[in-house]
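Peer 1: Handing you a structure now.
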Amino acid sequence: MIKQGKIVRIKENESYGVVSSEINEDTIGVYPLTFDPPQRHDEKNIVVLTMSVLGQTSYLDVRNKDSWKSDSLVTIGELDEFYLEKIIRLEILSKVENYYDLFHANRDEVFDPDTSSISYGGRVYDEREMRSLVDSSLDFWLTAGRYNKRFEQEYAQFLGVRYALLTNSGSSANLLAFSALTSPKLKDRQIKPGDEVITVAAGFPTTVTPIVQNGAVPVFVDVDLGTYNILVDRIEAAITSKTKAIMIAHTMGNPFELDQVMEIASKYNLWVVEDNCDALGSTFKGKLTGTHGHIGTSSFYPPHHMTMGEGGAVYTNNALLKSIVESFRDWGRDCWCPSGCDNTCNKRFSWELGSLPYGYDHKYTYSHIGYNLRVTEMQAAIGVEQLKKVPRFTQTRKNNFNRLLEGLKDLEEFFIFPRATRDSDPSWFGFILTVRDGVKFTKNEIVAHLEAHRIQTRMLFAGNLTRQPAFQQVNYRISGDLTNTDKIMHDTFLIGVYPGLTTEKIDYMIDTIRTFVLEKK
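Quick note: to get the working numbering, add 699 to the position in the sequence shown (first position is 1).
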């Protein structure tokens, strides 16, 4: 038997190849070698071999394989391990691509209004994500590695910020962002237990729970119906001598009024955390959301604008905040060496911190009460490919939103429609509707109708957090009233605009809503 990886001359046609495997006792699988460069679109399946044994550069396409009788092959050399590993890796990835084409590519191709379900959100992917995922798994570097580093660099570049750090979820991103503001390294700007943070009760709980978990006090301000964002003209009335920060989300991808919020924050020396988990790709005055405040956060859970399955990110332009977030994410350690590296600071055994003895190992020195909230390499590998699709995903979300709005706009007497904040261009997370007072149906009735017709709905998350069981024992303060927040709790729901929705599905949602409403008129 001729060993895998041997370079052979094929006597019948005087061509060359690389042995791939034994097919049976006397038949050998061989990758043909050519000397003509491949077409550009084939490059991902091509291995370029520069070996002196053949005297010139040759090319091997892992999708092509011939079989020859063993006595027709003459061994003339052997690949080194580098080339053999690359060939086998690319052959596996080529088969992954074939698997995608067979079993994933057409998964949502046919829409039957009588049987098909319409999700409010979900993952949108192709063979590139699957190849990248398997590629990372073959390294078996299960924690953060080369894909993690690449994603953090490319995500920061995409956002236009100095630093981006991956974490295991958007909720963890919010926890890290707020926890960073409790660091003693911030000195007089450190948030301490009992300090107050301006936020809203109409939203997702993990925008607010990090405030509570760190012993600070959330101060709830009401929101606007239509934009569903904080009423900025009520913020200053909520500020006291205890106020240290503003932490709010861009609701449904619709930016809050960042210029006014940042102006107030500057006036009162407040931190601003932008929960950007529902708004990747949204802009305010031409600048991406998440990059206006001191810290921004993202979520990569499947319904969001891009996905890693689970995953999130924290980003900032502030070097000190970046190092603090990294510390809280990585067990609270003071050391900033990446996994597998030692002594980046060149003084690993020369520090003297806390009351530890001089020279105590910096890799095991802790400056914060932290967590392990790191992401896996496989998640980052998916993210690298997903990030390339974000501009297309963003435009599709806008198109789907506009198609829904156009199809329903004459029903304004029944609904409060979503309205983009001034100077903003939202990358919408969902199409949010609030049932007006005095109409002949309730939110629960139209939601039941949509769900019965296999159209998935969601509420505006928690509705009013202060009404939730988990908040009954929480120390919070309400500034003014939460009239609109209660209205949202009772009368608001949303349907999807994610990129997996076809025009057929969008039109079916429009028709289903119209039919229900006009029958109730």
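Here a beta-carbon is modelled for each residue, glycine too, at the ideal position from N, C-alpha and C.
These numbers come from a predicted model, not from an experiment.
How long is the line joining the alpha carbons of N658 and A948, rounded to whole angstroms?
Peer 2: What the structure shows of the chain is the stretch from 700 to 1220, and residue 658 is not part of that stretch, so it cannot be assessed.
Peer 1: Relative to the C-alpha of E1144, which candidate in E1218, R861, H993 has its C-alpha closest?
Peer 2: Along the sequence shown, read from residue 1 onward, the residue named residue 1144 stands at position 445. Checking every option, the nearest Cα to that of E1144 belongs to E1218.
Peer 1: Just to confirm, are Q1085 and M1005 a CB contact at a threshold of 7 Å?
Peer 2: Here residue 1085 refers to the residue found at position 386 when the sequence shown is read from its first residue. Here residue 1005 refers to the residue found at position 306 when the sequence shown is read from its first residue. A contact, by the Cβ cut-off of 7 Å.
Peer 1: Reducing DSSP to helix, strand and coil, say where S1126 ends up.
Peer 2: The sequence position of residue 1126 within the sequence shown is 427, counting from 1. In this structure, S1126 counts as coil in the three-state DSSP scheme.
Peer 1: How would you call V860, buried or exposed, if buried means at least 16 neighbouring beta carbons within 10 angstroms?
Peer 2: Here residue 860 refers to the residue found at position 161 of the sequence shown. Classification of V860: buried, given that the 10 Å Cβ count is 16 or more.
Peer 1: Note down, one range per segment and in chain order, each alpha helix (DSSP H) of at least 4 residues found wholly within the segment 1033 to 1110.
Peer 2: Counting only runs of 4 or more, we get 1076 to 1107.
Peer 1: Whole angstroms is fine: what's the gap from G902's alpha carbon to V1013's?
Peer 2: Taking the sequence shown and counting its residues from 1, the one referred to as residue 902 is at position 203. Taking the sequence shown and counting its residues from 1, the one referred to as residue 1013 is at position 314. Roughly 19 Å separates the two Cα atoms.
Peer 1: Quick one: is N1099 buried, meaning 16 or more other Cβ sit within 10 Å of its Cβ, or exposed?
Peer 2: On the sequence shown, residue 1099 is found 400 positions in, with the first residue counted as 1. Looking at its Cβ environment, which holds 16 or more other Cβ atoms inside 10 Å, N1099 is buried.
Peer 1: Using only alpha-carbon positions, find the residue among F781, S793, P812 that is nearest to A1151.
Peer 2: Taking the sequence shown and counting its residues from 1, the one referred to as residue 1151 is at position 452. The shortest C-alpha separation from A1151 is found at P812.
Peer 1: For a test of the three-state rule: what should DSSP assign to S998, helix, strand or coil?
Peer 2: Taking the sequence shown and counting its residues from 1, one reaches residue 998 at position 299. Three-state DSSP puts S998 in a strand.
Peer 1: When burial is assigned at 16 or more other CB atoms within 10 Å of the CB, is T908 buried or exposed?
Peer 2: As a first step, residue 908 is located in the sequence shown; it is residue number 209 there, counting from the start. T908 should be labelled buried.
Peer 1: Which term fits A1080, buried or exposed, when burial requires 16 or more other beta carbons within 10 angstroms of its beta carbon?
Peer 2: For the purposes of this step, residue 1080 is taken as the residue at position 381 of the sequence shown. A1080 comes out buried.
Peer 1: Over the uninterrupted beta strand (DSSP E) stretch that includes Y730, give me the two end residues.
Peer 2: Against the sequence shown, residue 730 aligns to sequence position 31. Per DSSP, Y730 belongs to the beta strand (DSSP E) from 726 to 733.
Peer 1: Ignoring anything shorter than 4 residues, give me the alpha helix (DSSP H) runs that lie fully in the segment 835 to 887, in order along the chain.
Peer 2: Listed in chain order, the complete alpha helix (DSSP H) runs (minimum 4 residues) inside the segment 835 to 887 are 845 to 858, 869 to 879.
Peer 1: Below 8 Å on the Cβ atoms is my contact criterion, and I expect A944 with V972 to pass it. Report the Cβ-Cβ distance as a whole number of Å.
Peer 2: Here residue 944 refers to the residue found at position 245 of the sequence shown. Here residue 972 refers to the residue found at position 273 of the sequence shown. Indeed, because the Cβ distance is near 7 Å, the residues count as touching under 8 Å.
Peer 1: Nearest to T1201 by CA position, among T1165, R1102, P883, S1126, is which residue?
Peer 2: For the purposes of this step, residue 1201 is identified with residue 502 of the sequence shown, where counting begins at 1. Comparing Cα positions, the closest option is R1102.
Peer 1: Which same chain residues end up closer than 6 Å to P1002 when comparing Cβ atoms and leaving out the 5 residues on each side of it in sequence?
Peer 2: For this step, residue 1002 is matched to residue 303 along the sequence shown. So the list reads G820, once near-sequence residues are dropped.
Peer 1: Is the beta carbon of C976 less than 7 Å from the beta carbon of S940?
Peer 2: In the sequence shown, residue 976 corresponds to position 277, counting from 1. In the sequence shown, residue 940 corresponds to position 241, counting from 1. No, these two residues do not count as a Cβ contact at 7 Å.
Peer 1: Decide if the segment 908 to 926 is in contact with the segment 891 to 898; the criterion is three or more beta carbon pairs, one per stretch, under 8 Å apart.
Peer 2: At 8 Å Cβ cutoff, the stretches touch.
Peer 1: Which residues does DSSP pair with A944 in a beta bridge?
Peer 2: Against the sequence shown, residue 944 aligns to sequence position 245. For A944, which the question treats as bridged, DSSP gives the partners V896, W970.
Peer 1: Could you check if M700 is buried or exposed, using at least 16 other CB atoms within 10 Å of its CB as the buried criterion?
Peer 2: Walking along the sequence shown from the start, residue 700 turns up at place 1. M700 should be labelled exposed.
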